[in-house]
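Notes follow once the structure below has been shown.
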């Protein structure tokens, strides 16, 4: 009862002494978050490629190995929620996002536009067959930097 309340009071006063309490009145806007965050390149001097694809199958594995061999840092996510989380939970934002539009989890261009909002400077590369829900045109309209049609020439990709 009382002890717990007193304990709570103490932590609050510590916060106020520290200047800013963790729970601000207004949650920061997305723009504030983006403005505060830095890209992986700015923080660490290496380019982080967020691969939105299935890296367990042959093609995805090839792409990963190639990126790593070229000196890129890579992180793989297999669904939209994880991809978006990379832009909200981490301090350093991915520099490049590689999206396999052929995957059902990333079908459609909503991921592209959501990523654009979170980090307008991110370079989004889409890989797709060119047919299907995401066409080169729709991907580019949504804000992708480039559309690489499959089968992908890995050298061209890098």
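Residue numbers (my numbering): 172 to 329. Yeah, the Cβ is synthetic: ideal placement off N, Cα and C, and Gly gets one too.
Take the Cβ of residue i as the centre, count every other Cβ of all protein chains shown within 10 Å, and call the residue buried at 16 or more, exposed below.
| i | result |
| --- | --- |
| residue 280 | buried |
| residue 240 | exposed |
| residue 288 | exposed |
| residue 319 | buried |
| residue 234 | buried |
What residue range is occupied by the uninterrupted alpha helix (DSSP H) comprising residue i?
| i | result |
| --- | --- |
| residue 215 | 211-215 |
| residue 231 | 229-240 |
| residue 308 | 307-313 |
Does the Cβ-Cβ distance between residue i and residue j come in under 8 Å?
| i | j | result |
| --- | --- | --- |
| residue 283 | residue 313 | yes |
| residue 269 | residue 298 | yes |
| residue 266 | residue 296 | no |
| residue 286 | residue 258 | yes |
How far does the beta strand (DSSP E) with residue i in it extend, from its first residue to its last?
| i | result |
| --- | --- |
| residue 320 | 317-320 |
| residue 295 | 294-299 |
| residue 244 | 244-248 |
With a CB to CB cut of under 8 Å and the five nearest residues on each side skipped, what residues in its chain are close to residue i?
| i | result |
| --- | --- |
| residue 244 | 211, 215, 217, 218, 219 and 220 |
Given residue i, which residues of its chain have a CB within under 6 Å of its CB, disregarding the five upstream and five downstream residues?
| i | result |
| --- | --- |
| residue 294 | 267 and 316 |
Which same chain residues, not among the five before or five after residue i, have their C-beta less than 7 Å away from its C-beta?
| i | result |
| --- | --- |
| residue 251 | 276, 277 and 282 |
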